[in-house]
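Written below as structure tokens is the structure these notes are about.
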Amino acid sequence: MDPRLLFLRYPARDALPLRTTFAHTNPAFGSVRLNYWPARRRAPPARVVLFIPGNPGCPEYYTSFLGMLHSRLPDNHAVLCTSQVGGEPSIDAPATPLNLQQQVDAKVEFVSALRASLETWAPEAPAPQLVVAAHSVGGWMTCEIAKVVDISAAYLLFPTLAWIADSYHGRTMWPVFHRPLRPLLPWLSYLLRPLLPFVTIPGPSYALVRSPTTIKHALHLAHSEMAIIREPDEEWFRAQEKLPAGQGVHSIWSAGNIDGWVGREGPMIQDWLGEGRVVELEGVRHAFCLWEEDYRQVADVLAGWIVEGTKAQVLN
């Protein structure tokens with residue numbers, strides 16, 4: 348097993364998730380934060396669910412959601428969340444922010460190391476299955492990773508898969524992602540800090556506002572997303588529909604036009620994937636992880652999908 352991933356053998360405990368880091372071999376990629384929920388059964392897990400977040404890529408935004416997902420999975424399932432490079436304020440970020448393709452390259456290294464470690468965990472037993480769940484731009488990254496590394500199944504949550512610059516938020520927030528405003532925003536965070544005691548924002552956002560470096564990395568990644576995420580790979584998405592149930596890409600979307608980061612590609616890609624691989628949730632927002640009423644629905648659907656291998660419905 349890769350020594351950087353020996354923490355996978357740690358047993359479950361009361362205080363979860365376990366927080367650690369993974370150092371990339373390329374110094375330019377630095378390290379990422381990992382949050383880990385081990386399988387509750389003391390043995391190699393049957394399945395490891397790797398979660399790849401959206402931008403800015405801080406795992407703490409997803410802690411409540413992933414803890415709920417872990418509780419809904421069988422006791423032989425583990426959950427592992429990685430940050431984006433530069434997306435976690437509590438660890439040092441590379442001096443030069445990574446673009447979208449570099450973020451994918453970093454994750455290919457991580458997923459490859461994870462898969463190899465799972466295969467050698469217990470030579471006398473079946474290797475734990477690796478599946479990936481991902482949010483927003485993490486969904487696009489996951490599709491690119493799956494073209495390079497063998498992943499049993501992928502579950503894309505409110506993914507941004509094409510023409511993101513043409514989405515409603517892509518157009519209205521265009522000045523934020525471009526000069527002259529983009530280089531200034533990290534330093535404007537200093538002006539916001541005195542206001543923090545008087546406002547209510549998600550817990551991880553307090554750390555984000557206090558970290559100009561993390562804001563810089565998030566904006567650089569967003570700028571790269573606008574430039575790179577364009578024409579969807581129709582042939583690749585159509586090929587997913589032909590895979591056996593429980594394999595390949597599955598996706599969860601907001602019903603209607605509630606998701607301002609998804610444009611005309613949404614219905615198109617859903618059609619390519621086929622009805623059995625798509626779930627639409629009424630009233631659930633793109634940033635689902637911020638509201639319990641939203642992430643409860645997503646956890647229900649995702650847990651059922653992972654365990655049953657077929658299209659799941661919301662549990663009551």
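With my numbering, letter number 140 in the sequence shown gets 487, and the count goes up by one each step, no holes. Cβ atoms here follow ideal geometry from the backbone N, Cα and C, with glycine treated the same way. Since the structure is predicted, the reported quantities are computational estimates derived from the model, not experimental observations.
Beta-ladder partner(s) of glycine 318, from DSSP: This structure cannot speak to residue 318, because the chain is shown only from 348 to 663.
Inter-residue CB distance, leucine 381 and leucine 427 (contact presumed, cutoff 8 Å): 6 Å
Element boundaries [alpha helix (DSSP H), containing arginine 387]: First-last for arginine 387: undefined, no H or E at that position.
Residue nearest to glutamate 655 in terms of C-alpha spacing, selected from Arg632, Val596 and Leu420: Leu420
Range covered by the alpha helix (DSSP H) that runs through glutamate 627: Following the DSSP letters along the chain, one finds glutamate 627 in no alpha helix (DSSP H) but inside the beta strand (DSSP E) bounded by residues 625-628.
Where histidine 525 falls: helix, strand or coil (DSSP): coil
The stretch 637-644 touching the stretch 614-621, judged by at least three CB pairs closer than 8 Å: no
Whole-angstrom C-beta distance between tryptophan 652 and histidine 597, which should lie under 8 Å: 6 Å
Option nearest alanine 481 by Cα separation, candidates Val556, Asp606 and Cys490: Cys490
Span of the alpha helix (DSSP H), counted from its first residue to its last, around threonine 489: 484-493
Alpha helix (DSSP H) segment containing alanine 646, residue limits: 639-655
DSSP state of serine 378 mapped onto helix, strand, coil: strand
Outcome for tryptophan 534 when other beta-carbon atoms lying within 10 angstroms are tallied against a minimum of 16: Under this definition tryptophan 534 is an exposed residue.
7 Å CB neighbourhood of glutamate 578 in its chain, flanking five on each side removed: Ala509
As assigned by DSSP and simplified to three states, the class of glutamine 476: strand
Cβ pair count under 8 Å reaching 3, the stretch 556-574 against the stretch 458-469: no
Sequence-distant residues of the same chain with beta carbon closer than 6 Å to leucine 363, five excluded per side: Trp384
Assumed close pair glycine 607, tyrosine 515 - CB separation to whole angstroms, cut-off 8 Å: 4 Å
Beta-carbon spacing of histidine 567, proline 444 below 8 Å: yes
Every unbroken alpha helix (DSSP H) within the stretch 420-471, with a cutoff of 4 residues, ordered by chain: 447-466
Of the listed residues Gly610, Asn373, Met615 and Ala386, nearest to arginine 633 (C-alpha basis): For the record, residue 633 in the displayed sequence is histidine; it is not arginine. Checking every option, the nearest Cα to that of histidine 633 belongs to Gly610.
DSSP state of serine 411 mapped onto helix, strand, coil: helix
Proximal residues to arginine 540 (C-beta, below 7 Å), its chain only, five neighbours per side dropped: Cβ within range, chain order: Val556 and Arg557.
Buried versus exposed, by CB contacts within 10 Å (16 or more), threonine 372: exposed
Option nearest glutamate 435 by Cα separation, candidates Gly630, His424, Ser418 and Pro551: Pro551
Length of the line joining the Cα atoms of alanine 554 and alanine 472: 42 Å
Reduced DSSP category for serine 571 - H, G, I as helix; E, B as strand; rest coil: DSSP places serine 571 in helix when its eight states are reduced to three.
First through last residue of the beta strand (DSSP E) which encompasses leucine 620: Boundaries around leucine 620 are those of the alpha helix (DSSP H), 612-620, since no beta strand (DSSP E) includes it.
7 Å CB neighbourhood of alanine 370 in its chain, flanking five on each side removed: These residues qualify, in order along the chain: Arg351 and Ser378.
Cβ shell of phenylalanine 354 (< 7 Å), same chain only, five flanking positions each side left out: Leu365, Thr367 and Tyr383
For phenylalanine 545, the residue or residues it bridges with in DSSP: According to DSSP, phenylalanine 545 bridges with nothing at all.
Three-state secondary structure (DSSP) of serine 552: Serine 552 sits in a helix when the DSSP states are folded into three classes.
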